[in-house]
Amino acid sequence: MSSDATTLSAPASLFKTGWIISSSDDLVYFVGSVVSGYALLALNRVWGVSLIFLIFIWAIIFDGPHVWATFSRTYLDTEERRQRARLLYGCAFWFVLGPAMVLSTQWSHRDVFAKSFFFFANIWAYYHLVKQHYGFMVLYKKKNNDLELFDNVLDRLFLVFMLGYPFLWMIISYGPAHEYLPMSLRGAVEAAILRILFVAMLGVTFLWASRQVQRLVSRVPINIPKYLLLAAFIPLHWIVISSVVRANITPLALVPLLTLPHNIQYHRLVWFHNSNKYRKPEAEDRFGFAVFANKTFLRYAIFGLLFNFLYQLPRAYVGSPGDYKTAQSILAAFFWGYAFTHYYLDARIWRVRRDPALNQSLQLTEVSP
């Protein structure tokens, strides 16, 4: 992967600007994608565009195709199917899990099983966003030789707390979010949990900020891309979540607002990977249909949109599961299987250190997962 190792107008040793693809690509797609989240927020809160309309457009144009992006380099790839057969075909489990838990609710006449499933689904969805931001941070740390063990641990804790606390605060304390909980927390327990989380977040933030000051005083090179990534996505999550709570609207509003920037990041990274891997002279014999599907970006995009006929369009027809004891809920749980497969595979297929071929396709030096 090419690295724009240019420096700002300062001593070369003071700033590090190693990019994943290039300065222009990274700033537009990996950092600047946050603008899309703010744009959706403004469309809804300032100009009154329907949330349902925004969710539908986001799901069809960006989210469905971004799940396809994972499939484009796994299930369509002959070599990947052969080498990762157990992993890929084992993902059928995720399509069975949800319907089984909903059926358990019908058999037991207790809605805790179905509610637990949908609560798990939403928690995993948010964790997936956090995990991707962490992954990009790690890539920037490697590209800029920012790999001190203490800093690695502290950076991870800082990112997880700063992105995790506002979401957990909303889930625990915001009334409309309680419908996603298997059981609502109340009173002293709720207050104690939030207090502990808040104090822990403040402690981690103080340690992280102190460490940055120490590094600056010691003239440790400043990892510009890492700080830009953190400065972009941490405020986005706090602003969007607080806006949803202040407006007293459904927590489902978070989904397009926070996921659209994630979609843009992911499409750019996958296309960079696919265009490098599937355009090699020997690619067609080795990788099969993945080569045809990724011949051009237009073809990649068309297949991504067509994928909606299997995923987002029938999912939209089913709607949200309001009654946990209906066939609607069983189907809604089934369609979560696509997202779960994406989440699970995503955590397994981007481990550069353990996959030399991936390292080559991303044009990266070795990166710890």
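The numbering of the sequence shown is the numbering used here, which starts it at 850 and goes up by one. We treat Cβ as the ideally placed atom computed from N, Cα and C, and that holds for glycine.
| Rounded separation between residue 1157 and residue 1166 - CA only | The alpha-carbon atoms of residue 1157 and residue 1166 are separated by roughly 12 Å.
| task | Would you check if the distance between the CB atom of residue 1090 and the CB atom of residue 1103 is smaller than 8 Å? | result | yes
| Would residue 956 be called buried (16 or more neighbouring beta carbons within 10 Å of its own) or exposed? | So residue 956 ends up on the exposed side.
| request: Give the range of the alpha helix (DSSP H) segment to which residue 1147 is assigned. | output: 1146-1155
| said: With distance defined between alpha-carbon atoms, name the residue in 1200, 1129, 998 nearest to residue 984. | reply: 1200
| field | residue 875 versus residue 869: straight-line alpha-carbon distance, rounded | value | Counting only the Cα atoms, residue 869 lies some 7 Å from residue 875.
| query | Hey, quick one: how far does the alpha helix (DSSP H) through residue 939 stretch, first residue to last? | reply | 934-939
| query | If you run the structure through DSSP and keep just helix, strand and coil, what is residue 1143? | reply | coil
| When the distance is taken between beta carbons, is residue 944 closer than 8 Å to residue 1183? | yes
| said: Between which residues of its own chain and residue 948 is the CB-CB distance below 6 Å, once the five residues before and five after are set aside? | reply: 1179, 1182, 1183
| Shortest alpha-carbon distance to residue 1003 belongs to which of 973, 933, 1049, 1107? | 1049
| Does DSSP put residue 1126 in a helix, a strand or coil? | helix
| In three-state terms, what does DSSP make of residue 1071? | In this structure, residue 1071 counts as strand in the three-state DSSP scheme.
| Since residue 1078 contacts residue 986 with CB under 8 Å, what's their CB separation in whole angstroms? | 6 Å
| field | Buried/exposed call for residue 935, threshold 16 Cβ in 10 Å | value | Answer is exposed; the Cβ neighbour count stays below 16.
| task | Spell out the partners DSSP gives residue 864 in its beta bridges. | result | 1071
| message | I'd like to know if the stretch 1129-1142 and the stretch 1111-1119 are in contact, where contact means that at least 3 CB-CB pairs between them fall below 8 Å. | response | no
| query | Looking at C-beta atoms only, is the number of pairs between the stretch 1104-1113 and the stretch 899-915 that lie closer than 8 Å three or more? | reply | yes
| query | Roughly how many angstroms separate the alpha carbons of residue 1006 and residue 1094, rounded to a whole number? | reply | 25 Å
| Reference residue 1141, options 1127, 931, 1131, closest by Cα | Closest option to residue 1141, Cα to Cα, is 1127.
| field | Cα-Cα separation, residue 1191 to residue 914 | value | 11 Å
| field | Through-space distance from residue 1110 to residue 922, alpha-carbon basis | value | 21 Å
| request: For the alpha helix (DSSP H) containing residue 1188, list its first residue and its last residue. | output: 1176-1195
| query | Is there contact between the stretch 986-1002 and the stretch 1063-1079, where contact requires at least three CB pairs shorter than 8 Å? | reply | Result yes; three or more Cβ-Cβ pairs closer than 8 Å.
| task | Could you tell me the distance, in whole angstroms, from the CA atom of residue 1025 to the CA atom of residue 1061? | result | 38 Å
| CA-to-CA distance, residue 898 to residue 892, given in whole angstroms | In this model, residue 892 and residue 898 are separated by some 5 Å (Cα to Cα).
| request: Return the chain-ordered list of same chain residues with a C-beta closer than 7 Å to the C-beta of residue 1016, the five sequence neighbours on each side being excluded. | output: 975, 1090
| For residue 1199, does the three-state DSSP call read helix, strand or coil? | coil
| said: Can you tell me whether residue 1061 is helix, strand or coil according to DSSP? | reply: helix
| Buried or exposed: residue 1076, going by 16 or more other Cβ atoms within 10 Å of its Cβ? | Under the 10 Å beta carbon count, residue 1076 is surrounded by fewer than 16 other beta carbons and is classified as exposed.
| query | Among residues of its own chain, excluding the 5 on either side of residue 900, which ones have a beta-carbon nearer than 6 Å to its beta-carbon? | reply | 893, 1102
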